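Asks: Have a look at this one.
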Amino acid sequence: MSLMPAVSVLLPVYNAASYVREAVASILAQTLRDFELILMDDGSTDASGGILRALAAEDRRIRLVQRENRGLIATLNEGLALARAPFVARMDADDIALPERLARQCAHMERHPGLAVLGSAIQYMDAAGRPGRIKKYPVGDAVDEAILWGSPLAHPAVMLRTQAVRAAGGYPAAFPHAEDYALWLRLFAPGSIDNLPDVLLRYRLHGGSVSHVHALAQRTSTLRAQALWLAGRTEMPAEANSGDNACFLQAIALPPAVRQGLIARMLALAPHLVGSGRDDPEGSGWLAELCRSPRTPELRRALSLYHLRAAKASSLPLRKSAAHLARSFFWSPATVWRKLKQH
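Mapping of the sequence shown onto the UniProt record's numbering: residues 1 to 343, in sequence order.
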């Protein structure tokens, strides 16, 4: 391993004994060989620690850090501080990188010096590793609109320009479970974020995924990060640092039309809440408010997405799913057809 490798791969680990060996193997098998793999063991209490020590002993490109649990955001920022390469590739302990991932992303970043973050399409897989559908992310100018509707990147598939991320302050701690999205907003400028159209990562879906377990907290952090960005602020104001989202939005004082667009997009953003049967009084309140609001194209798209996701919820009886699908068509037939084409 060179003193300054081409890429630093940052892989945080917490109780991932079932999957981490396969994740590490996928990085060690990359066609680009000049990298360091920073394994951050965030106080695992299962067999992960022993597995990581054995892996580190087998390959000198692995740098292993083991210490007490400090949480994901602190772990990511510690790993960023340790990185020696001009590019940092993120990776999760339960995912699999395809062999050409690092080589293709590194070459693209070198050809486009204005890029701060580069992602890719991903392929879902289940807990047993069986492949599922492919998810594509926006490419080129499409990123500029997509970032308003949530993260335009799959976090474990990104490559970051180290200097740019450090200059932005790393992952902001004020936005748990959406720290990546908050960072993308801080790095965003036209042309600074992009995706390669091809699949470079297999993304494992299981009951322990953050987007399933922490869906409400993730939506709150996403809303607050975007609200601050829309208001032109970079730090959380003291008066908005506590309380519910209604109090937060009142403290930020966005113009009414901007606030309406924000809550419409946030309502559409909750695929693991819509139709799940989980208690979501905030979402119900937003839905009622939006149905009384001026019917802008953005609002129609948001309500269509909301009902389309509800229609796909496996917990709903067929009659209710059909009713949600009909409402989705009512609000925006074009949105429904566009989503159907994507699948």
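Positions of the beta carbon are idealized from the N, C-alpha and C atoms, including for glycine.
All values derive from a computational prediction rather than experimental measurement.
Is it the case that the Cβ atoms of LEU153 and ASN195 are separated by a distance below 8 Å?
Replies: Cβ distance < 8 Å, so LEU153 and ASN195 count as in contact.
Asks: SER8 lies in the beta strand (DSSP E); which residues open and close that run?
Replies: Start and end: 7 to 13.
Asks: Based on Cα-Cα distance, which residue from ALA302, ASN69 and ALA93 lies nearest to GLU22?
Replies: Comparing Cα-Cα distances from GLU22 to each of ALA302, ASN69 and ALA93, the minimum goes to ALA93.
Asks: Is the stretch 37 to 50 close to the stretch 60 to 71, with three or more CB pairs under 8 Å?
Replies: Segments in contact, yes.
Asks: Do the stretch 185 to 192 and the stretch 109 to 119 touch if we need at least three Cβ pairs shorter than 8 Å?
Replies: The stretch 185 to 192 vs the stretch 109 to 119: in contact.
Asks: Should VAL158 go down as buried or exposed, given a rule of 16 or more other Cβ atoms within 10 Å for buried?
Replies: Counting Cβ neighbours within 10 Å, VAL158 comes out buried, since at least 16 surround it.
Asks: List the DSSP bridge partners of GLN123.
Replies: GLN123 is bridged to ILE134 and ARG202.
Asks: Applying the criterion that 16 or more other CB atoms from any shown protein chain within 10 Å of the CB defines a buried residue, is GLU289 buried or exposed?
Replies: It counts as exposed.
Asks: Return the residue from the list THR222, GLY140, ALA56 and VAL20 that minimises the CA-CA distance to ARG265.
Replies: The option with the nearest alpha carbon to ARG265 is THR222.
Asks: Please name the residue, chosen from ALA17, TYR14 and GLN30, that lies closest to VAL7 on a Cα-to-Cα basis.
Replies: Of ALA17, TYR14 and GLN30, the residue nearest in Cα terms is GLN30.
Asks: Could you tell me the distance, in whole angstroms, from the CA atom of residue 346 to the CA atom of HIS307?
Replies: It is not possible to answer for residue 346, since the shown part of the chain is limited to 1 through 343.
Asks: Would you mind working out which of TYR203, ALA167, LEU267 and VAL65 sits nearest ARG130, comparing C-alpha positions?
Replies: Minimum Cα distance to ARG130 is reached at TYR203.
Asks: Determine the DSSP secondary structure at ASN195, reduced to helix, strand or coil.
Replies: Strand at ASN195.
Asks: Quick one: what's ARG90 bridged to in DSSP?
Replies: Beta-bridge pairing links ARG90 to LEU10.
Asks: Which parts of the stretch 268 to 341 are runs of the alpha helix (DSSP H), unbroken and 4 residues or longer, counting only runs that do not cross its ends?
Replies: Listed in chain order, they are 281 to 291, 297 to 311 and 318 to 331.
Asks: With a threshold of 8 Å on Cβ separation, who are the neighbours of LEU187 within its own chain once the five nearest residues in sequence on each side are excluded?
Replies: So the qualifying residues of the chain are ALA116, VAL117, ALA164, VAL165, ALA168 and ILE193.
Asks: May I have the straight-line CA-CA distance separating ALA253 from TRP229, to the nearest angstrom?
Replies: Taking the straight line joining both Cα atoms gives about 13 Å.
Asks: What do you get for ALA310, buried or exposed, if any count of 16 or more other CB atoms within 10 angstroms of its CB means buried?
Replies: Buried is the call here.
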